[in-house]
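First to last, the protein sequences are chains A and B. Take the numbering used here: the final residue in the first sequence is number 207, and no numbers are missing along the way. Take the numbering used here: the final residue in the second sequence is number 911, and no numbers are missing along the way. Cβ atoms here follow ideal geometry from the backbone N, Cα and C, with glycine treated the same way. Right, one structure below, let's go through it.
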Amino acid sequence: MLTRWTKKIHMYAGLLNFTILMVFGVAGMRATLQTDRLGATDVLTRPFRVPPNLDDLQAAQSAYQFLNPALSQPPTQRSVHRDAQNDVTFDMGTINGPRTVTLIENQNELRIETHHNRLSAFIDNMHATTVNTTNPDIRIRMWSWYTEFSIWSLIFMSLSGVYLWLASRPGYRWAQICFGVGSAGFVLLYILVR
Amino acid sequence: MLYKLFRDTHLLFGLFCCLFLLMYGVSAVQMAHNKWFNLRPDVTTVDVTLPAQQADARAVARELMEGSGLSGDLSGVHAAPENLSFNIVRPGTVDQVTYSLATGETMIRENRAGFMGMMNRLHHAAGFAGTYWWDNPWGVFIAIVSAGLFVMGITGIYLWFRIHTERVMGAILLILSLGYSLTLLVLIRTAH
Chain A
14 MLTRWTKKIH
24 MYAGLLNFTI
34 LMVFGVAGMR
44 ATLQTDRLGA
54 TDVLTRPFRV
64 PPNLDDLQAA
74 QSAYQFLNPA
84 LSQPPTQRSV
94 HRDAQNDVTF
104 DMGTINGPRT
114 VTLIENQNEL
124 RIETHHNRLS
134 AFIDNMHATT
144 VNTTNPDIRI
154 RMWSWYTEFS
164 IWSLIFMSLS
174 GVYLWLASRP
184 GYRWAQICFG
194 VGSAGFVLLY
204 ILVR
Chain B
720 MLYKLFRDTH
730 LLFGLFCCLF
740 LLMYGVSAVQ
750 MAHNKWFNLR
760 PDVTTVDVTL
770 PAQQADARAV
780 ARELMEGSGL
790 SGDLSGVHAA
800 PENLSFNIVR
810 PGTVDQVTYS
820 LATGETMIRE
830 NRAGFMGMMN
840 RLHHAAGFAG
850 TYWWDNPWGV
860 FIAIVSAGLF
870 VMGITGIYLW
880 FRIHTERVMG
890 AILLILSLGY
900 SLTLLVLIRT
910 AH
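Here's what the structure looks like:
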């Protein structure tokens, strides 16, 4: 009875987590191969007049409100600075790649430089989006709930998988070898790293 | 025949990857809920004396690596007129070093991560470009585990589909899951 239900829930958990298992796999392969994060870069300008009597942070926040960019968060003191031309500039990190916004005040325009993450880097960022994200975007928050579910599912599936093996074919030699090699490798490397 | 192959492949990859997947799961819980855990490292302090008047942190670090058995990457170098301070960092351990130029007295403050801290560091270790010899075998294991996730996902789908009594329930769950996750992936990827 316990084995039957464990198998059922193990299987349902796997089906519910199929996408994110693929996401985790891509993130692991990307980390293994150390592929480049950034792909193409777009630059566009938009007319924008900075309201008078603002300090640099307030000017940057005003530009941010004007742009209202998706998936990003308002600039903070740390992300705002002046560049070599004395223009106010700030960076916005998003899951799709970083953006740099420059307020070119003498031309009354904003320069927005968008660096697009490659697909593998995007998926890597997605795998790291957990419920402690401060991003208020509802799409990000909904994804973080899925990640949260998947984390607990991963733990459950790892443990229930071992249980299902022991409950069905504990004497299967290749299973013993794989479990032994994987576990011994992990423990040995843990000790060496420690 | 195909069923047996897929069932065994699913089982063998799962068992091989088991502890690694548990490490990823447990450390992900720690990262998602860091308030639940106390990650304060164990701290020990050791004092050693080196030759005085060495103005280069790199030379002092090398001397400590060769003489006191420290290992890791040098970071956070700060050179003041009277002393040097820097960190020697390896996964799970940070040695904070303060060296007095006048006397050569050197304080090594070792911050060693506890179990959860180690899980966190291991979660972030992958690839073959690391400094230590064990980076490569670790990288091989992580590559196998990453490929194993694809293998387990695909064989798992096949194994489910072969259980006729679970097809309807499984299909509902799979469609719901794919609908939710793929929609979000597309919406987030295409957001401007």
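- Taking a cut-off of 8 angstroms for Cβ pairs, the region 884-898 of chain B and the region 55-72 of chain A do not touch, as fewer than three such pairs fall below it.
- At least one CB atom of chain B sits nearer than 9 angstroms to the CB of A/D150.
- Judged by DSSP secondary structure, B/G795 falls within the beta strand (DSSP E) whose first and last residues are D792 to A798.
- Inclusion of B/A845 and B/W853 in the CB contact set at 9 angstroms is not warranted, their separation being larger than that value.
- A contact is defined here as three or more CB-CB pairs under 8 angstroms, and the region 829-840 of chain B meets this definition with respect to the region 740-755 of chain B.
- Any Cβ of chain B closer than 9 angstroms to the Cβ of A/N119 would place that residue at the interface, and such an atom is absent.
- Non-local beta-carbon contacts of B/D775 in its own chain, meaning distances under 6 angstroms to residues more than five positions away in sequence, are absent.
- Each residue's CA atom was taken as its position, placing B/V767 and A/F192 some 45 angstroms apart.
- Residue pairing for B/S804: DSSP places it in a beta bridge opposite B/H797 and B/T817.
- Around the CB of A/L132, fewer than 16 other CB atoms lie within 10 Å, so the residue is classed as exposed.
- Judged by their CB atoms, B/N802 and B/Q815 are not nearer to each other than the 9 angstroms cut-off.
- Nearest CB-CB separation between A/L84 and chain B: below the 9 angstroms threshold.
- In the structure shown, B/G833 falls within a coil segment according to DSSP collapsed to helix, strand and coil.
- It is roughly 18 angstroms from the alpha-carbon of B/N839 to the alpha-carbon of B/D792.
- A/H23 is classed as buried because its beta carbon has at least 16 other beta carbons within 10 Å across all chains shown.
- The beta-carbon of B/M835 is placed no less than 9 angstroms from the nearest beta-carbon of chain A.
- By DSSP's assignment, B/I827 forms a beta bridge with B/V765 and B/V816.
- For A/D100, the three-state secondary structure derived from DSSP is coil.
- If you ignore the 5 residues before and after B/T764, its C-beta comes within less than 6 angstroms of the C-beta of R828, all in its own chain and listed in chain order.
- Taking C-beta separations shorter than 7 angstroms and ignoring five residues to either side along the sequence, the partners of A/T113 in its chain run T102, D104 and E126, following chain order.
- One alpha carbon belongs to A/I164, the other to B/G744, and they sit about 5 angstroms apart.
- Taking CB atoms only, A/Q47 has a neighbour in chain B less than 9 angstroms away.
- One thing to note: A/I153 has its Cβ within 9 angstroms of the Cβ of A/T146.
- For the 9 angstroms CB-CB criterion, B/L878 and B/H729 form a contact.
- Beta-bridge analysis with DSSP links A/P60 to A/E122.
- From the beta-carbon of A/S171, the residues of chain B found nearer than 7 angstroms are C737, L740, L741 and G744.
- Residue-level contact check: A/R207 touches chain B, since one or more beta carbons of chain B fall below 9 angstroms from its beta carbon.
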